[in-house]
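Asker: One structure is given below, represented as structure tokens, and several questions about it will come after.
In our numbering, the protein residues as written are -1 to 102.
This is how it looks when you write it as structure tokens:
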């Protein structure tokens, strides 16, 4: 884990890599949150798709991190399950502090 974290830390010195890493990280976080929410509600992908008027394939795509839904779509999905999300800031790379920039 330490070697992997060090490797990512080095790679993230490159702005484009860091941005791509951030993009993939949020997709993974969202995907795992949606799976947890759906399972907590005790509903299948097919059931959620039916409630949302979407296809089961799209729900699977969301849950695998391959979809890029709008923020509104995420809110609608969670509200369908009587949930909402709370956003919090964490370091991009675990075990590294959040870099603070002074605002002028």
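Just so it is clear, CB atoms sit at the ideal spot from N, CA and C, and this is done for glycine as well.
DSSP three-state label for residue 59, please.
Answerer: Residue 59 falls in the helix class under three-state DSSP.
Asker: If you draw a straight line from the alpha carbon of residue 35 to that of residue 20, how long is it in whole angstroms?
Answerer: Using only the alpha carbons, I get a separation of about 22 Å.
Asker: Between residue 80 and the rest of its own chain, which residues show a CB-CB distance below 8 Å, the 5 nearest in sequence each way excluded?
Answerer: Cβ within range, chain order: 39.
Asker: Report the three-state DSSP secondary structure of residue 87 (helix, strand or coil).
Answerer: Coil at residue 87, not helix or strand.
Asker: Relative to the alpha-carbon of residue 69, which residue among 92, 24, 46 and 49 has its alpha-carbon at the smallest distance?
Answerer: Of 92, 24, 46 and 49, the residue nearest in Cα terms is 24.
Asker: Leaving out the 5 sequence neighbours to the left and right, which residues in its chain are closer than 8 Å to residue 62 when beta-carbon positions are compared?
Answerer: Around residue 62: 29.
Asker: Using CA atoms only, rank isn't needed, just tell me which of 13, 47, 65 and 54 is closest to residue 78.
Answerer: The shortest C-alpha separation from residue 78 is found at 47.
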